[in-house]
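Report on one structure; see the data block that follows.
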Amino acid sequence: MGYFMDWLTIVVIGLLAVMTPGPNLAITIRNSLFFSRKAGIYTAVGLATGNLIHATYCLIGIGVLITQSILLFNTLKWLGAIFLLYIGYKSLRAKPYSEQQVLENSRHVMTPLTAFRNGFLTNLLNPKVALFFLALFTQIIQPNTPQLIQALYGLTMVSLEFTWFTLVSLLISQDFIRKPFMSISHWVERITGAVLIGLGLRLLFLKRN
555 MGYFMDWLTI VVIGLLAVMT PGPNLAITIR NSLFFSRKAG IYTAVGLATG NLIHATYCLI
615 GIGVLITQSI LLFNTLKWLG AIFLLYIGYK SLRAKPYSEQ QVLENSRHVM TPLTAFRNGF
675 LTNLLNPKVA LFFLALFTQI IQPNTPQLIQ ALYGLTMVSL EFTWFTLVSL LISQDFIRKP
735 FMSISHWVER ITGAVLIGLG LRLLFLKRN
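With the numbering used here, the residue at position 5 of the sequence shown is 559, and numbering never jumps.
In structure tokens:
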């Protein structure tokens with residue numbers, strides 16, 4: 555019963571975490587709205603894979619090293635910020651659709667690998683995620699917690715990440731939502747770019763504590 559309650563706690567806290575607006579949501583909306591549903595889903599796969607990496611190194615004890623090392627923490631922080639700034643800058647340069655593109659309801663193409671990489675790097679290079687996993691697992695997991703149970707906790711976080719952002723992608727990529735944005739998509743993408751840049755700048759000033 556104790557492990558079940560701990561798992562339930564992880565589910566509730568994990569849901570609140572993945573549903574909180576941030577870089578993961580911004581990149582999923584961007585790729586789903588301006589590229590395709592497939593791109594959005596592959597972005598969700600990348601985000602979930604990032605969660606898998608975070609969960610793994612926190613469970614084996616490396617998470618403490620990352621959060622306690624100024625060099626490692628700042629390196630992760632700067633790489634994450636630079637990536638968000640880069641994606642944001644590309645979005646700011648979005649150009650209007652031509653009249654023909656609007657009539658054809660067409661859009662740019664994003665390969666599955668690019669979408670996966672967007673999601674994976676956005677999550678992996680965010681030290682806030684490392685801090686979250688470390689704080690959550692140190693509160694829930696005890697020295698005598700079986701490794702199988704620990705793995706279940708980690709996979710739960712991965713599943714929550716994938717499920718939530720896949721649902722976001724499926725919703726955002728619906729024609730009744732996406733079509734109205736076609737004629738003003740460049741402005742919406744520029745706003746999204748500004749949000750990503752803001753999140754990147756915010757990440758630059760993130761403190762370990």
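Every residue gets a Cβ at the ideal spot worked out from N, C-alpha and C, and that includes glycine.
Consult DSSP for residue i and reduce its assignment to one of helix, strand or coil.
i	result
Asn-698	coil
Gly-615	coil
Leu-724	helix
Val-712	helix
Phe-589	coil
Phe-759	coil
Val-663	coil
Taking the straight line between their C-alpha atoms, what separation do you get for residue i and residue j?
i	j	result
Ile-695	Tyr-640	37 Å
Ala-593	Phe-686	27 Å
Ala-635	Leu-579	16 Å
Phe-674	Phe-759	22 Å
Thr-746	Ala-689	30 Å
Ile-607	Pro-700	20 Å
Ile-614	Asn-605	14 Å
Ser-590	Ala-748	21 Å
Leu-702	Ala-684	21 Å
For the alpha helix (DSSP H) containing residue i, name the first residue and the last one.
i	result
Thr-574	Unbroken run through Thr-574: none, as it is neither H nor E.
Phe-674	666-678
Phe-730	729-732
Lys-631	624-646
How about residue i and residue j: are their beta carbons less than 8 Å apart?
i	j	result
Met-573	Trp-718	yes
Arg-744	Leu-638	no
Thr-582	Thr-603	no
Leu-630	Pro-681	yes
Leu-706	Trp-561	yes
Asn-677	Leu-601	yes
Arg-756	Leu-587	no
Pro-577	Leu-753	yes
Phe-716	Cys-612	no
Counting pairs of beta carbons, one from the stretch 555-572 and one from the stretch 662-671, are three or more of them closer than 8 Å?
-> Contact between the stretch 555-572 and the stretch 662-671 is absent, because fewer than three Cβ pairs lie under 8 Å.
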